[in-house]
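Just below is one structure, and these are the notes that go with it.
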Amino acid sequence: MRVPVRGALRAVLARQQDRREDAPPASRAGRQGQAGLEHPPWTAIVPLVALVLAVYCMIDISRHPDTRQLSPQAWLALCAFGNVLGLAAYLRFGRSEHR
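Going by my numbering, the sequence shown opens with residue 12, and the numbers climb by one from there.
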């Protein structure tokens, strides 16, 4: 027996709506307060800053391949997969003094 897709989708949405209505009032108010993005949460800003910094470091390595301590390929890998610590290490220890 096949269930029509629209009918199944309506049933799922109805169950979710019932669960929301059964939730305590405090949790419903919390969900409604998150709808407006007047102040973006830190959880969105921090990764964005890390991504911009990673792109900056990778462009800097490609433009100035003379690096200290490690090869440019190693610094690229460290910046790509080393998270914020790899980026800070490149900016502190990897950039050449002769620019």
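C-beta: ideal position from N, C-alpha, C; glycine also.
Once DSSP output is grouped into helix, strand and coil, what is the label at residue i?
i: R79; result: coil
Residues in the same chain with beta-carbon distance under 6 Å from residue i, minus the five sequence neighbours each way, listed in chain order, please.
i: L64; result: L98
i: V61; result: Checking the sequence, you will find Ala at residue 61 rather than Val. Closer than 6 Å at the Cβ level, and outside the excluded window around A61, lie V95.
In chain order, what residues of the same chain lie with their CB nearer than 8 Å to the CB of residue i, ignoring the 5 residues before and after it?
i: C90; result: A65, C68, M69, I72, G97, L98 and Y101
i: H109; result: D77
Are the CB atoms of residue i and residue j nearer to each other than 9 Å?
i: Q84; j: F104; result: no
Taking the alpha carbon of residue i as the reference point, which residue from the options has its own alpha carbon closest?
i: S107; options: V95, G93, S82 and F92; result: S82
i: L59; options: G18, L87 and N94; result: N94
For residue i, collect the residues of the same chain with a Cβ closer than 7 Å to its Cβ; drop the 5 residues on either side in sequence, then sort them by chain order.
i: L87; result: M69 and I72
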